[in-house]
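Quick note on our numbering: the sequence shown kicks off at 7 and runs consecutively.
Just so it is clear, CB atoms sit at the ideal spot from N, CA and C, and this is done for glycine as well.
As the structure is a computational prediction, the values presented were derived from the model and not from experiment.
Inspection log for the structure reproduced underneath, given as structure tokens.
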Amino acid sequence: MATDFLSIDDVTDDELAWLLDTGNAYASQREGGPQPLQGRTVAMLFEKPSLRTKVSFDIAAYELGGHAVYLGADEVGLDKREPVEDVARVLERWASVIVARVMAHSTLERFAANASVPVVNALSDVEHPCQAAADLLTIHQSKGRVEGLKVAYIGDANNCALSLGLGALALGADFAVASPDGYAFPDADAARLRTRSTGGALMLTTDPDEAAADADVLYTDVWTSMGQEAETAQRRAAFQGFQVNERLLTRANSGALVMHPMPVHYGEEMEPGMLEHPQSVAYTQAENRLHAQKAVLRLLVAGE
Numbered sequence: 007m008a009t010d011f012l013s014i015d016d017v018t019d020d021e022l023a024w025l026l027d028t029g030n031a032y033a034s035q036r037e038g039g040p041q042p043l044q045g046r047t048v049a050m051l052f053e054k055p056s057l058r059t060k061v062s063f064d065i066a067a068y069e070l071g072g073h074a075v076y077l078g079a080d081e082v083g084l085d086k087r088e089p090v091e092d093v094a095r096v097l098e099r100w101a102s103v104i105v106a107r108v109m110a111h112s113t114l115e116r117f118a119a120n121a122s123v124p125v126v127n128a129l130s131d132v133e134h135p136c137q138a139a140a141d142l143l144t145i146h147q148s149k150g151r152v153e154g155l156k157v158a159y160i161g162d163a164n165n166c167a168l169s170l171g172l173g174a175l176a177l178g179a180d181f182a183v184a185s186p187d188g189y190a191f192p193d194a195d196a197a198r199l200r201t202r203s204t205g206g207a208l209m210l211t212t213d214p215d216e217a218a219a220d221a222d223v224l225y226t227d228v229w230t231s232m233g234q235e236a237e238t239a240q241r242r243a244a245f246q247g248f249q250v251n252e253r254l255l256t257r258a259n260s261g262a263l264v265m266h267p268m269p270v271h272y273g274e275e276m277e278p279g280m281l282e283h284p285q286s287v288a289y290t291q292a293e294n295r296l297h298a299q300k301a302v303l304r305l306l307v308a309g310e
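Written out as structure tokens, the structure is:
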């Protein structure tokens, strides 16, 4: 049974399937149902800016009967005003769950090692499992399944790509990633992806057309993530040709989904207008952050 959600690897294949089923139930009916956070508080500690993650977790806590308290980076000063270990041991005395959006994944691991309550990864430099849960929920809603599909990711093999790949492969999909030289998965991450596969194939390539061929999903993310702003010019040069656009969509299967976790840098990883394309489900992805995260909180708090 999952006690934290720092990585997609923290949940079993059955628990991941349960998250999708439960998230879909919440999407169908937001009101009613179990309220495992009744009278409980979710502590949200964010070192990075957020729109979708912050608002969806706040609403998720409320709709599950609880209350969220938001703490920004300047309010806490992790490892500046006081160490992560002390913050974790204090927050556990008040909150039933700690949701943290951090610069370094090691910060989450320190929280989990020192807090007796569940810790949720709301984004780190290594993984973004809550985004992946919403992505997989969106794919399942749109296609009726994940197993047997081909999910193609175009761009930087970043935190979103790793979490999405772990989840897609765990549910039986093929996962193809096209990244320029120098921006592919490290060998250790590629090994994790292969280990998590339940039958789907992993393709790693430098050719976006090869990854997109016969894909059921075309997914992309920003070329330059938060904290990498000094590399912007270098990354723009490296990622030329790694854009999801109308031409690349013709390589995919008819009716392939266009996905992006947002925010979008138009003209870079995505052609202007693609977010509003009839095959785009990006806004549904954003909505599903709420439903998937309600399922995550319920799994961790109620132990279902």
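- For D19, the uninterrupted alpha helix (DSSP H) segment begins and ends at D19 to S34.
- A Cβ-Cβ distance of about 6 Å is found for the pair T212 and D187, placing them in contact under the 8 Å criterion.
- Excluding its 5 nearest sequence neighbours in each direction, L84 has C-beta neighbours in its own chain below 6 Å: V90, listed in chain order.
- In the three-state DSSP reduction, M265 falls in the strand class (E or B).
- In terms of CA proximity to R253, M280 leads the group F245, M280, M268 and Q240.
- Judged by their CB atoms, L143 and A298 are nearer to each other than the 8 Å cut-off.
- If you compare the alpha carbons of T201, V96, M232 and L43 with that of V307, the shortest gap goes to L43.
- Shown here, E81 sits in a helix according to DSSP, grouped into three states.
- In terms of Cβ geometry, I14 and A138 form a close pair [threshold 8 Å].
- Straight-line measurement puts the Cα of V287 at about 20 Å from the Cα of L177.
- Scanning its chain for C-beta atoms nearer than 6 Å, with the 5 sequence neighbours on each side dropped, one finds around A158 the residues A182, A217, A218, A221 and L224, in chain order.
- Contact check for H111 against V93 fails: the beta carbons are separated by 8 Å or more.
- Pairwise C-beta distances place the stretch 67 to 75 in contact with the stretch 39 to 58, as three or more of them are shorter than 8 Å.
- Counting only runs of at least 3 residues, the stretch 234 to 282 fully encloses the following beta strand (DSSP E) elements, listed from N- to C-terminal order: 263 to 265.
- When DSSP assignments are scanned along the stretch 120 to 151, the uninterrupted stretches of beta strand (DSSP E) that are 3 or more residues long and fall wholly within it turn out to be 125 to 127.
- Judged by beta-carbon spacing, T230 lies within the 8 Å limit of R241, meaning their Cβ atoms are closer than that value.
- Annotated as proximal: V302 and V126, with beta-carbon spacing under 8 Å.
- Non-local beta-carbon contacts of A118 in its own chain, meaning distances under 7 Å to residues more than five positions away in sequence, involve D10, L12 and V125 in chain order.
- Excluding the 5 residues flanking it on each side, E274 has same chain C-beta neighbours closer than 6 Å at W229, in chain order.
- One Cα belongs to E277, the other to L263, and the distance between them is close to 15 Å.
- Distance from the CA of A190 to the CA of A167, rounded to the nearest whole angstrom, comes to 10 Å.
- For M232, the closest alpha carbon among the candidates V96, A140, R107 and T113 is that of R107.
- Residue environment analysis places A236 among the exposed positions, since fewer than 16 neighbouring C-beta atoms fall within 10 angstroms of its C-beta.
- Residue range D180 to A184 is occupied by the beta strand (DSSP E) that includes D180.
- About 22 Å separates the CB atoms of A140 and N259; that is not less than 8 Å, and the two are not in contact.
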